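First the structure, in the form of structure tokens, and then the observations on it.
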Amino acid sequence: MSAAPTRSQRYYWDSIEFLVENELYKVPRWAFERRSSVFASLLNAPRHDKRVEKPVQLHDVTKNEFDSFLSVLYPTGNFGLTCVQRELLHGHQLTATEWEHVLKLSSKYRFNEIRVLAIKQLWKLEDAVHRVRLGRQYGVPDWLRSGYMQLVIQEQSLSEAEAEDLGWRMAVRIFKLRESALLRGGSDGDEEKAMSSKDLMRLLGDMFAEDIQAAEELHDQHDVEPEDLEDGELSCPTVDSRPLDLGKELI
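If you want my numbering, it's the position in the sequence shown, counting the first as 1, plus 543.
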């Protein structure tokens, strides 16, 4: 009598279901376990029974955002290439808005490699105010530095809408830096008296130190290993027939 067949350790994949805005998704489980410290801890917890079929419910995520994210996690074209390899060779045809979706979810669920890819794709954002806002929200300190610098040295002053978007406290600091740079240059525009980029960057770093430090701390969280996550950061309810609920307590 022949022995019972065994399952391949590499190519026998379980699937996972997600519930997003009342729409069900079913995708291979491996990418969520291997690329996300959040899902690795959740799905491999002793209490989680793989034999039970139930959707993972995602909060504060739209279908459009999840579609954008899955298109990077599970590319349907150029088989044989990883997403990063295909991006390097051919580029990945997502819009800036879709890459923002990818950045949001990769940051939220700690898909660190995909987060790096999204940051790279969004690096050329021309709107400095938008760059600063995303840098704050998702912990990209270099976007804050470059965005603030552009707002200080650009020819046109901040508009009322831009000041409101940045927050009036930050807008006032930008106006002060612009004034300092102009006064340092003198009324005759003497280049020898003009503030150097190094001096301006130092003043910018001092004036926005708290903002930049907060972004750096948020950025550092994405290097955390699964075993370093604190107890209670993940929610894995006991097995039943209800959706597994990933609530707002996640990140």
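Glycine is no exception: its CB is placed at the ideal position from the N, C-alpha and C atoms. As the structure is a prediction and not an experimental result, all values here were calculated from the model.
As a quick exercise: from the options, pick the residue whose alpha carbon is nearest that of residue i.
i: GLN699; options: ARG712, TYR554, TRP686, GLU722; result: GLU722
i: LEU725; options: LEU743, MET713, ARG712; result: LEU743
i: GLU576; options: ILE559, VAL715, VAL615; result: ILE559
i: ARG578; options: LEU613, GLN680, TRP666; result: LEU613
i: SER528; options: THR640, GLU641, ALA661; result: Residue numbering for the chain in the displayed model covers 544 to 794; residue 528 lies beyond these limits and cannot be assessed.
i: SER739; options: LEU720, ASN655, PHE751; result: LEU720
i: LEU746; options: THR640, VAL615, ILE696, ARG553; result: ILE696
Can you tell me the Cβ-Cβ gap for residue i and residue j, rounded? I've got them flagged as a contact below 8 Å.
i: TYR652; j: VAL570; result: Their Cβ separation, rounded to whole angstroms, is 14 Å, which puts TYR652 and VAL570 out of contact at 8 Å.
i: PRO618; j: PHE561; result: Not a contact, Cβ separation roughly 18 Å.
i: ARG658; j: LEU668; result: Not quite, the Cβ-Cβ distance comes to about 16 Å (not below 8 Å), so this is no contact.
i: ASN655; j: HIS765; result: 5 Å
What residues are listed by DSSP as bridge partners for residue i?
i: VAL570; result: ILE559
Quick one: what's got a C-beta closer than 7 Å to residue i's C-beta in the same chain, skipping five residues either side?
i: VAL675; result: TRP686, LEU687, GLY690, TYR691, LEU709
i: HIS644; result: ASN607, GLU608, SER611, PHE612
i: PRO684; result: GLY678, ILE755, ALA758, GLU759, HIS762
i: MET750; result: ARG716, LEU720
Among residues of its own chain, excluding the 5 on either side of residue i, which ones have a beta-carbon nearer than 6 Å to its beta-carbon?
i: VAL563; result: LEU601, VAL604, LYS606, PHE609
i: ALA671; result: GLY690, GLN693, LEU694
i: ALA664; result: Looking at the sequence provided, one finds Gln at residue 664 rather than Ala. Around GLN664: TRP642.
Which residues in the same chain as residue i place their Cβ atom closer than 8 Å to its Cβ, once the five residues preceding and following it in sequence are excluded?
i: THR549; result: none
i: TRP573; result: TRP556, ASP557
i: GLU760; result: GLY682
Alpha helix (DSSP H) runs wholly inside the region 627 to 675, at least 4 long, in chain order: 639 to 651, 655 to 664
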